[in-house]
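Heads up: the sequence shown begins at 1106 in this note's numbering, then just goes up one per residue.
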Amino acid sequence: MSKTLREMCVFSAHDLTGHPPFIRMDLISCRNILIYFKPAQQAELIRTFHFAINPGGLLLLGQSESVGATGGLFEAIDPAVKLFRRRAAAGARMARTPRLGPTEQLPRPAAARAAQADPAHGLVEHCRSLMLDAYGPPGVLVDGAFAPLHFFGASRRYFSLPVASADFSVFSLCLPELRGR
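As structure tokens, this is what we get:
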């Protein structure tokens, strides 16, 4: 691959089930990955791809994959090679599901209290928090109403305080250029 082409592309390790999607993409190549997910998860990923791809952008899937019944979010350009074009969809926005895969079971309250009583645990938690802020991906922990509880990493690049408003939902804090269409 030429240097010029490499400089125009984003190459990154990316957890489809846990990381937020890249945005404003012209092309997503996701070949032979969807087959490892259940149908509901596949549909969720297709909706996420639709959110991430620019209008008219392209999605390339593997030979045994399809966009399924996702409400016409994509049109087939070349069905033989599984190349699809993003369609405009009224009211389409990214799903608010934080993870598609299995999640760790939360500790029971008694176990959590026992862990916090251990002084070494406090040091470990403090170090973990510092490392997450310094080296982890940007993120925000929200409650059921999407109000931020905690910001992680370099999340300041994506959020700002609202002006003349007391709406502190994660959607209103998100920078205007990152908000859903």
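Each residue gets a CB set at the ideal place from its N, CA and C atoms; glycine is no exception.
query                                                                                                          : result
Exposure label - Leu1205; buried when at least 16 CB within 10 Å                                               : Interpretation of Leu1205 is limited by its pLDDT of 49, a score under 50 that renders its predicted location unreliable; the figure taken from the coordinates is listed afterwards. Counting Cβ neighbours within 10 Å, Leu1205 comes out buried, since at least 16 surround it.
Length of the line joining the Cα atoms of Pro1283 and Tyr1263                                                 : Position check: residue 1283 holds Leu in this sequence, whereas Pro was assumed. Rounded to the nearest angstrom, the two C-alpha atoms are 7 Å apart.
Option nearest Asn1137 by Cα separation, candidates Ser1260, Met1236, Glu1230 and Lys1187                      : Lys1187
Coarse secondary structure for Ala1174, derived from DSSP in three states                                      : coil
Residues near Leu1211 in its chain [Cβ-Cβ closer than 8 Å; skip 5 each side]                                   : No answer about Leu1211 holds up, because its pLDDT of 44 lies below 50 and its placement is not dependable.
Where Arg1152 sits in the DSSP three-state scheme                                                              : helix
When Ser1234, Ala1259, Glu1230 and Ser1277 are compared against Ala1250, the one with the closest alpha-carbon : Ser1277
Reference Arg1129, options Cys1114, Phe1273 and Leu1139, closest by Cα                                         : Cys1114
Unbroken stretches of the beta strand (DSSP E), 3 residues or longer, contained in the segment 1222 to 1259    : 1244 to 1247 and 1253 to 1257
Beta bridge counterpart(s) of Asp1183 as assigned by DSSP                                                      : Leu1188
Collapsed DSSP secondary structure at Leu1280 in the structure displayed                                       : coil
Cβ-Cβ distance between Pro1243 and Gly1258 below 8 Å                                                           : yes
Inter-residue spacing [alpha-carbon to alpha-carbon] between Asp1120 and Ala1239                               : 19 Å
Rounded straight-line distance, which links the Cα of Arg1111 to that of Glu1170                               : 27 Å
Reduced DSSP category for Ile1158 - H, G, I as helix; E, B as strand; rest coil                                : strand
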